[in-house]
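Chains as they are written, first to last, in our numbering: chain A, 2 to 98; chain B, 14 to 662.
No residue lacks a Cβ here, since even glycine has one placed at the ideal position from N, Cα and C.
Report on one structure; see the data block that follows.
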């Protein structure tokens, strides 16, 4: 369903993100991004559709640049329009070898 | 581990295990199922204080506190937000919501890479010896990202991200998924970031062999590790009532069984009894007898559990053609032996040929001296589906029947019903070979502090060997009767030889930009490249670059179509890390159906650090088969810098 959330790993353009936040506040920056897309996607949802706010699981800033979050399809669509968005990969379970 | 250091040529006080080298600080990060911190292998007796550069920490959680860390285990974190978002809250009756290891896998891999020396280590008296991690004085940081149902990619990324920030030098990942383009492979993307700042990343190749193109974790900046047998085995002799006997494998150390009735399938229970699945065995038919169980459907030790529950006296675990002649030893809960597929067929034929079949099992304990190494059938194979231009796996290390540390509350069979507790367990997988290489990389890192991750990788690859302890080519348990010998798609460059790797003569170095150029040659879009580059990256002129140009220490040559005289040219640069004023001459073993020309055939170095280039031209003379193999070796005195060549049409 449209409102159902899936966990995604979101890759962001480090050079564009760096310009938009102060050092040490990457997570707050992503939270602000998520807040903005949530407001936007909520406006797009049917009024009867209950929208769960997106949740950030992790902010990544050393080996990669981005975050993981639980998002609905609409929230993901909104996120894709954010400057610096590179890709979103659904979270998956890997196995021990 | 016991024995594998010796098998790898590591000896106390000499070479890489020299005290001076071991005194240097190297931090190995292990992303796995956590760690059992109280294990003797992680004691910190005599270890100096934690280095000031270390930014890691010891996270508190279920049955885990900061006091569980010490000067040996300097970091422990748990990542479960992704896992819980998919699977639901962790069931704390089966796992710890903390870095504490409930499964054993992480404790085993961490100790294999860097566990401290433990005297008289053994499992039920088997594999007895002095256990040591490959770089046993290294510090360990455990990042728990794997739980009872698997490892969420978002948690793994969080673990890699944190490990890099904490300051690990080496990362060991004995896990994976399915092979996919690097821009969709989260481990590839994160390990690129780690490699970029000097962290060596070693990953297991996967356990999906012997099928071709099953290798995982194939990005060229990752060290992809295949698994082999050492010459240590745990034989069990199965004697049938008709007098025929077969050698299998077992970790049972008690007395053997006398000749007992043998039951299988319908003579043991209902449908499913041939696989010994839950509830399929009939106690009346099984009690006091040896039960034959075929591989598949449930776990190997789980079959033994079912036999024991039904009152069986023993088990013969028969491989199917899929497992072939693989002889993995398991800590079964009753006297049991694994038999290869051909012995299995003979056993079944015998059972069908007589009304009262019988068998006995005699356990031989720990035996040394088999031809070794031999490539494990389960070890995943190339060619890589993602990067045809790089041979994967890269190298092979011991990964079958490896004894290493085990949690105090986990049974060696990993069965809940098994109340045995052990200090060490013997298990198999590329999961076990990977931390061997992680530890070896840590050793090389301490000897050559200025070497890049690519240089360490190159040293381990170009010094790997392809002949066994009988001076014959390394065999492959998963090989067909036509080709029982292992190829570069099974063992990569060969079996690691750490002492040779510490002094390789020449290295093939690769910088971050080179990897990005390689990705350009794969026609990655600017968005896909930005995942690795961290922003815009301008590719060089596409005509100036092709994938084979990556300065990789092996050659994957792909002739598209079987066209005679098709020619491919590769370039390589080698850095002299041996002696000044030295001359290398090239020696080529041409793959069948391929003409190889090297220009120049001689490389003369004037000083250490000097870089010289050469070109290799491969001309297809039309292959009779779809693939053939050869090698290119630069030879100078004691140095032989070898690169495998794998050709596909």
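Whether residue i touches residue j by CB criterion (9 Å)
i: residue 69/B; j: residue 48/B; result: no
i: residue 347/B; j: residue 360/B; result: no
i: residue 7/B; j: residue 463/B; result: Because chain B spans 14 through 662 in this model, residue 7/B falls outside it and cannot be assessed.
i: residue 203/B; j: residue 64/A; result: yes
i: residue 220/B; j: residue 444/B; result: yes
i: residue 189/B; j: residue 8/A; result: no
i: residue 16/B; j: residue 140/B; result: yes
i: residue 58/A; j: residue 171/B; result: yes
i: residue 266/B; j: residue 376/B; result: yes
i: residue 233/B; j: residue 523/B; result: yes
i: residue 630/B; j: residue 610/B; result: yes
i: residue 35/B; j: residue 148/B; result: yes
i: residue 175/B; j: residue 92/B; result: yes
i: residue 509/B; j: residue 410/B; result: yes
i: residue 483/B; j: residue 384/B; result: yes
i: residue 473/B; j: residue 511/B; result: yes
Any chain A beta carbon closer than 9 Å to residue i
i: residue 543/B; result: yes
i: residue 426/B; result: no
i: residue 229/B; result: yes
i: residue 360/B; result: no
i: residue 177/B; result: yes
i: residue 114/B; result: no
i: residue 549/B; result: yes
i: residue 331/B; result: no
i: residue 17/B; result: no
i: residue 232/B; result: no
i: residue 540/B; result: yes
Residue environment, residue i, which counts as buried when at least 16 other CB atoms sit within 10 Å
i: residue 211/B; result: exposed
i: residue 197/B; result: exposed
i: residue 312/B; result: exposed
i: residue 399/B; result: buried
i: residue 117/B; result: buried
i: residue 3/A; result: For residue 3/A, the pLDDT reaches just 48, beneath the cut-off of 50, and the residue's location in the model is therefore unreliable, although a value from the coordinates is still provided. Under this definition residue 3/A is an exposed residue.
i: residue 407/B; result: buried
i: residue 1/A; result: Limits of chain A in this structure are 2 at one end and 98 at the other, which puts residue 1/A out of reach.
i: residue 613/B; result: exposed
i: residue 381/B; result: exposed
i: residue 576/B; result: exposed
i: residue 615/B; result: exposed
i: residue 9/B; result: Residue 9/B is absent from the structure shown; chain B starts at 14 and stops at 662.
i: residue 132/B; result: exposed
i: residue 414/B; result: buried
i: residue 433/B; result: exposed
Chain B within 9 Å of residue i, Cβ atoms only
i: residue 80/A; result: no
i: residue 77/A; result: no
i: residue 48/A; result: With a pLDDT of 49 at residue 48/A, under the threshold of 50, the predicted position of this residue should be treated as unreliable, and no value is reported.
i: residue 83/A; result: no
i: residue 56/A; result: yes
i: residue 34/A; result: no
i: residue 31/A; result: no
i: residue 8/A; result: yes
i: residue 90/A; result: yes
i: residue 17/A; result: yes
i: residue 53/A; result: no
i: residue 39/A; result: no
i: residue 2/A; result: Residue placement at residue 2/A is poorly supported in this model, since its pLDDT is 43, which falls under 50; the coordinates still yield a value, given next. No, residue 2/A does not count as interfacial toward chain B.
Which of the residues in the segment 83–110 of chain B, read from start to end, lie with their CB under 7 Å from any CB of chain A? Legend: CB atoms of the segment 83–110 of chain B lying less than 7 Å from CB atoms of chain A belong to residues 94, 95, 98, 99.
Residues of the segment 183–206 of chain B whose Cβ lies closer than 7 Å to any Cβ of chain A, in chain order: Within the segment 183–206 of chain B, the residues whose Cβ lies closer than 7 Å to some Cβ of chain A are 187, 188, 189, 190, 197, 199, 202, 203, 206, listed in chain order.
Residues from the segment 118–146 of chain B in contact with chain A, defined by Cβ distance under 7 Å: Correct list: 118.
Members of the segment 429–449 of chain B near chain A, C-beta cut-off 8 Å: Answer in chain order: 442, 443, 444, 447.
In chain order, what residues of the segment 448–465 of chain B put their CB closer than 7 Å to some CB of chain A? Listed by position, the residues of the segment 448–465 of chain B near chain A (Cβ gap below 7 Å) amount to none.
Taking a cut of 8 Å between CB atoms, which residues from the segment 61–74 of chain A lie near chain B? Here the close residues are 61, 62, 63, 64, 65, 66, 69, 71.
Take every Cβ of the segment 287–300 of chain B, pair it with every Cβ of the segment 319–330 of chain B, and state whether three or more of those distances are shorter than 8 Å. Verdict: yes, contact present.
The segment 159–174 of chain B: positions lying closer than 7 Å to chain A by Cβ: Of all residues in the segment 159–174 of chain B, only 159, 162, 163, 164, 165, 166, 167, 169, 170, 171, 173, 174 place a beta-carbon less than 7 Å from a beta-carbon of chain A.
Three Cβ pairs or more, each shorter than 8 Å: is that satisfied between the segment 269–287 of chain B and the segment 422–441 of chain B? The answer is no - the segment 422–441 of chain B does not touch the segment 269–287 of chain B, with fewer than three Cβ pairs under 8 Å.
With a threshold of 8 Å, are at least 3 pairs of Cβ atoms found where one atom belongs to the segment 518–530 of chain B and the other to the segment 487–498 of chain B? Judged by Cβ distances under 8 Å, the segment 518–530 of chain B makes no contact with the segment 487–498 of chain B, as fewer than three pairs qualify.
Could you tell me whether the segment 566–577 of chain B touches the segment 644–658 of chain B, using the rule of 3 or more Cβ pairs below 8 Å? Flag = yes, the segment 566–577 of chain B and the segment 644–658 of chain B touch.
Would you list, in chain order, the members of the segment 374–408 of chain B that have their beta-carbon closer than 8 Å to a beta-carbon of chain A? Listed by position along the chain: nothing, the set is empty.
Taking 8 Å as the threshold, find out whether the segment 324–339 of chain B comes into contact with the segment 296–305 of chain B through three or more Cβ pairs. Judged by Cβ distances under 8 Å, the segment 324–339 of chain B makes contact with the segment 296–305 of chain B, as three or more pairs qualify.
Between the segment 126–140 of chain B and the segment 95–105 of chain B, do three or more beta carbon pairs fall short of 8 Å? Not touching, per the Cβ criterion.
Does the structure place the segment 524–540 of chain B close enough to the segment 40–55 of chain B that three or more beta carbon pairs sit under 8 Å? No, they do not touch.
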